[in-house]
Amino acid sequence: VQLQASGGGLVQAGGSLRLSCAVSGNIGSPNVMAWFRQAPGKQRELVRGVEGDSATAGDSVEDRFIISRDRTKRTMYLQMNSLKPEDTAVYYCAAQDVKNQQQYWGQGTLVTVSS
-10 VQLQASGGGL
0 VQAGGSLRLS
10 CAVSGNIGSP
20 NVMAWFRQAP
30 GKQRELVRGV
40 EGDSATAGDS
50 VEDRFIISRD
60 RTKRTMYLQM
70 NSLKPEDTAV
80 YYCAAQDVKN
90 QQQYWGQGTL
100 VTVSS
């Protein structure tokens, strides 16, 4: 299984970006997918997670970030709106097979928000 994250870049505060996470291979079912982020000098934190059609949220992004999955394209997305400088981080996608707890991680994509 491989997860490929993309879509990061430089954006001004107040702008939007959409991250994508393409999945190759079979994660297993049921599974959970999620976006995490890690800012310089900080611990990795959960941004948004999704199991089936149920999304869960980390505490820091409020409703500005929206997670979705396209099962046909085997891709997960993170729509990020009203970006703030404090959203600057490397964003990672991850997946976990619920039955055997096997985890998979993408390589990360850098999001930089300028003020």
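In my numbering, the protein residues as written are -10 to 104.
Glycine residues also receive a C-beta, built at the ideal position from the N, C-alpha and C atoms.
Quick caveat: nothing in here was measured; it's all calculated off a predicted structure.
Asked, Found
"Exposed unless 16 or more other CB atoms sit within 10 angstroms - verdict on residue 98", "buried"
"Beta-carbon spacing of residue 76, residue 102 below 7 Å", "yes"
"For residue 51, three-class secondary structure by DSSP", "coil"
"Run of the beta strand (DSSP E) containing residue 20, from where it starts to where it stops", "20 to 27"
"Counterpart residues of residue 103 in DSSP-defined beta bridges", "1"
"Segment limits, beta strand (DSSP E) that includes residue 137", "Since the displayed the chain opens at -10 and closes at 104, residue 137 lies outside it and no answer follows."
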